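Asker: Letter by letter, the sequence shown follows residues -16 to -1, 1 to 100 of mature numbering (1 follows the signal peptide of the UniProt record, and there is no 0).
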Amino acid sequence: MIRNLSLIVLGAAALAACNTQPENIVAGERPDPMADQLANAAPVQLPPAIAASKTYRCKDNSLLYIDWYSDGSARVKKDKAEAGTEVAAPAEGIASPLTGDAKSASVTFNGQSCHA
C-alpha cells in the first residue's frame, strides 16, 4: 500500500514539474478560403416534399401511380419501381398533361380518365 502511494506521489511530482506556462488556444487563425463565395451564394432551395402517394385505376384497366408534391407538381408512374415522369404544377394558360390534385378522387392523365 505504501509503495502504491509512493508511486502516485512520485507521478504527481513529475507532472507538476512540467511546463507551467498557460496554453493559448486561438481559433480562426486560418481564414476560410471560400468565405466570400459562400457569403455571396444564392440560398439553397430544398426539393418539395411528397404530400401524398395515390394509386389510380384508368378506364383501360391499367394502374397509374402518382406521387403528389407539396408545391403542386407530381411524379406519374405506370409501375411502382419505375422512376416516373415529372409533371409541373399547373400554371395559368398552360395546358398540363395531368389534371386533378391529391385531394380529388379522379384525375386525367394524357386524356385518359383515372379514379382512385
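We put the beta carbon where it would ideally sit given N, CA and C, even for glycine.
Since this is a predicted model, take the numbers as computed values, not measurements.
#1: What separation, rounded to the nearest whole angstrom, lies between the Cα atoms of residue 90 and residue 27?
#2: What residue from 56, 54, 4, 39 has the CA that sits closest to residue 64's CA?
#3: Considering only residues of the same chain and omitting the five flanking positions on each side of residue 41, which have a CB-CB separation below 7 angstroms?
#4: Find the nearest neighbour of residue 29 within the set -12, 67, 55, judged by alpha-carbon distance.
#5: Once DSSP output is grouped into helix, strand and coil, what is the label at residue -8?
#6: Would you mind listing the beta strand (DSSP E) stretches within the segment 9 to 57 that are 3+ residues and don't spill past its ends, in chain order?
#7: Report back the beta-carbon spacing between residue 34 and residue 16 to the nearest angstrom; my notes put them in contact at under 8 angstroms.
#8: Measuring alpha carbon to alpha carbon, tell me which of 79, 74, 49 ends up nearest residue 68.
#9: Who are residue 97's beta bridge partners in DSSP?
Answerer: Taking the definition as stated:
#1: CA-to-CA, the gap between residue 90 and residue 27 works out to about 37 angstroms.
#2: 39
#3: 47, 98, 99
#4: 55
#5: helix
#6: 34 to 42, 47 to 53
#7: Actually they do not touch by this definition, with Cβ atoms about 36 angstroms apart.
#8: 49
#9: 92
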